[in-house]
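Under the numbering used here, the residue at position 118 of the sequence shown is numbered 118, and the numbers go up by one with no gaps. Worksheet: one structure, shown below.
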Amino acid sequence: MNSSPAAPSILQMKSGMILDDQTTTFGAPAGMSSSTPRAVRGVGGSNVGERSKLSYVTCHMCETPYVEGKLFWIMSLCKHVLCSDEKHGHQAGVCTYCKTKGVEAYPLKSMSENLQAYFNPDSFSRIIEDAAEKSKYEVETLKRYISHLETEIHRKRNDIAEIGQHIRGFEKVEKRAGELERQVQLLQQ
Numbered sequence: 001m002n003s004s005p006a007a008p009s010i011l012q013m014k015s016g017m018i019l020d021d022q023t024t025t026f027g028a029p030a031g032m033s034s035s036t037p038r039a040v041r042g043v044g045g046s047n048v049g050e051r052s053k054l055s056y057v058t059c060h061m062c063e064t065p066y067v068e069g070k071l072f073w074i075m076s077l078c079k080h081v082l083c084s085d086e087k088h089g090h091q092a093g094v095c096t097y098c099k100t101k102g103v104e105a106y107p108l109k110s111m112s113e114n115l116q117a118y119f120n121p122d123s124f125s126r127i128i129e130d131a132a133e134k135s136k137y138e139v140e141t142l143k144r145y146i147s148h149l150e151t152e153i154h155r156k157r158n159d160i161a162e163i164g165q166h167i168r169g170f171e172k173v174e175k176r177a178g179e180l181e182r183q184v185q186l187l188q189q
């Protein structure tokens, strides 16, 4: 008899986490009515004694800090963060905080470093500073380009004014030519 573990589910492969064999979705282990979120081996784990990059994140329900040893989950649609406290009465596919239905819950700890950075005040500050630096460069580039376009507009307006003067000059010449032509016709009669 083959005792190898079952192949991971599509959800497990997609999210990059290893779920307990008895779990299905957030808040509902298979065949049970428990309100505890699914357990995660390896990736999710406990946060006890850990100085986390996510240390200022708290549960939206009870404001428990991330470092107090509970599993924390982020909801896929509404992005609320919830801890595994059974008092919250978590239900499968529903955000306990805002009651949004159809959500998936992902262990906060299993997020990529890029996403975790948004939960870390130091990293987030650095992200904002980088964005500000890039925005400053883009704004300066746009200002320079706008200045160039304004110079071009000024030059084209001067060209148009000069052409207008030439046209008015031609109109005077044309008017004078018309007068001379009438005089010639009078003389020929």
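Where a beta carbon is used, it is the ideal one built from N, C-alpha and C, also for glycine. These numbers were taken from a predicted model, which means no experiment stands behind them.
Practice problem: Enumerate in chain order the residues of its own chain whose CB-to-CB distance from threonine 100 is below 6 angstroms, with the five nearest sequence positions on each side excluded. | Solution: Within the same chain, and ignoring the five residues on either side of threonine 100 in sequence, the residues whose Cβ sits closer than 6 angstroms to its Cβ are Leu77 and Cys78.
Quiz item: Considering only the beta carbon of each residue, do lysine 109 and aspartate 85 sit closer than 8 angstroms?
Solution: No, the pair does not count as a contact, with Cβ atoms beyond the cut-off.
Exercise. Please classify histidine 90: is it buried, with 16 or more other beta-carbons within 10 angstroms of its beta-carbon, or exposed?
Key: Looking at its Cβ environment, which holds 16 or more other Cβ atoms inside 10 Å, histidine 90 is buried.
Quiz item: What do you get for alanine 30, buried or exposed, if any count of 16 or more other CB atoms within 10 angstroms of its CB means buried?
Solution: Confidence is the limiting factor: at alanine 30 the pLDDT is only 36, short of 50, which leaves the residue's position unreliable, though a coordinate-based value still follows. Answer is exposed; the Cβ neighbour count stays below 16.
Quiz item: How should isoleucine 74 be labelled, buried or exposed, when 16 other C-beta atoms within 10 angstroms of its C-beta is the threshold for buried?
Solution: Taking all protein chains shown into account, isoleucine 74 has 16 or more neighbouring C-beta atoms within 10 Å of its C-beta and is therefore buried.
Practice problem: Run the CB neighbour count on tyrosine 106, radius 10 Å, all protein chains shown included, and call it buried at 16 or more, exposed below. | Solution: Tyrosine 106 counts as buried, since no fewer than 16 other beta carbons sit within 10 angstroms of its beta carbon.
Self-check item: Residues that DSSP places opposite leucine 82 in a beta bridge
Solution: Under DSSP, leucine 82 forms a beta bridge with Trp73.
Self-check item: Residue from Thr96, Val81 and His80 with nearest C-alpha to lysine 87
Solution: Checking every option, the nearest Cα to that of lysine 87 belongs to Thr96.
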